[in-house]
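Numbering (numbering that gives the first Met the number 0), first residue to last: 0 to 100. Shown next, in C-alpha cells, is the structure this report addresses.
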Amino acid sequence: MNIKLKDSWVLTKNPNNIILGKVVKRKNKLGEVEDHIQNIGYYSTPFNAVLGYLKYGIRDSSAESFIALEQAYNDLISGVSKGVSEWVSEQDKIESLEHEV
C-alpha cells in the first residue's frame, strides 16, 4: 500500500499497521537531498489512519475563522478521496494484468 495524499502525506503499511507518514527532504550520506517518509502515526485500520490525517491536517492549517477551517477540512477530504481513487485505479490495473498472465 502506498496511497499519496495531499500536501506530501502518504499512507503505507507494514505487516501489523497502516502508517501515516509525511514526505520530507533530508540529506543522505553523500550529502544529496532526497525524499524520506517520516512516520507520524501507526493505525490498525485505514479509517483510523484517515482520521489521523485529518487531525494533523487541521492542526497544520493556517485557518483563522470557522469558514477557513471548514475549507481546510474539505480540502483534506478531497485529498483523501483523490488518493484512494488513484490507488483503486492502480489496483484494478494490476489485477487486470495478473488475469492476462
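We put the CB at the ideal spot given by N, CA and C, even for glycine.
Flag this pair as touching only if the region 6-16 and the region 34-53 have three or more C-beta atom pairs under 8 Å; answer yes or no. The region 6-16 vs the region 34-53: in contact.
Hey, would you say I2 sits closer than 9 Å to T44, going by beta carbons? No.
Which residue's Cα is closest to the Cα of G20: G56, D91, V32? G56
What do you reckon, are the CB atoms on K5 and S77 nearer than 9 Å? Their beta carbons are under 9 Å apart, which means K5 touches S77 by this criterion.
Identify, in the order they occur along the chain, each residue of the same chain with its Cβ nearer than 8 Å to the Cβ of V32, setting aside the five sequence neighbours on each side. K24, R25, K26
Taking its Cβ as the centre, do 16 or more other Cβ atoms sit within 10 Å of L29, making it buried, or is it exposed? exposed
Rounded to a whole number of angstroms, what is the C-alpha to C-alpha distance between A62 and Y72? 10 Å
Report the rounded CA-to-CA distance for E99 versus D91, giving the unit in angstroms. Rounded to whole angstroms, E99 and D91 show a C-alpha spacing of 13 Å.
When you compare only the Cα positions, how much space is there between S88 and D74? 21 Å
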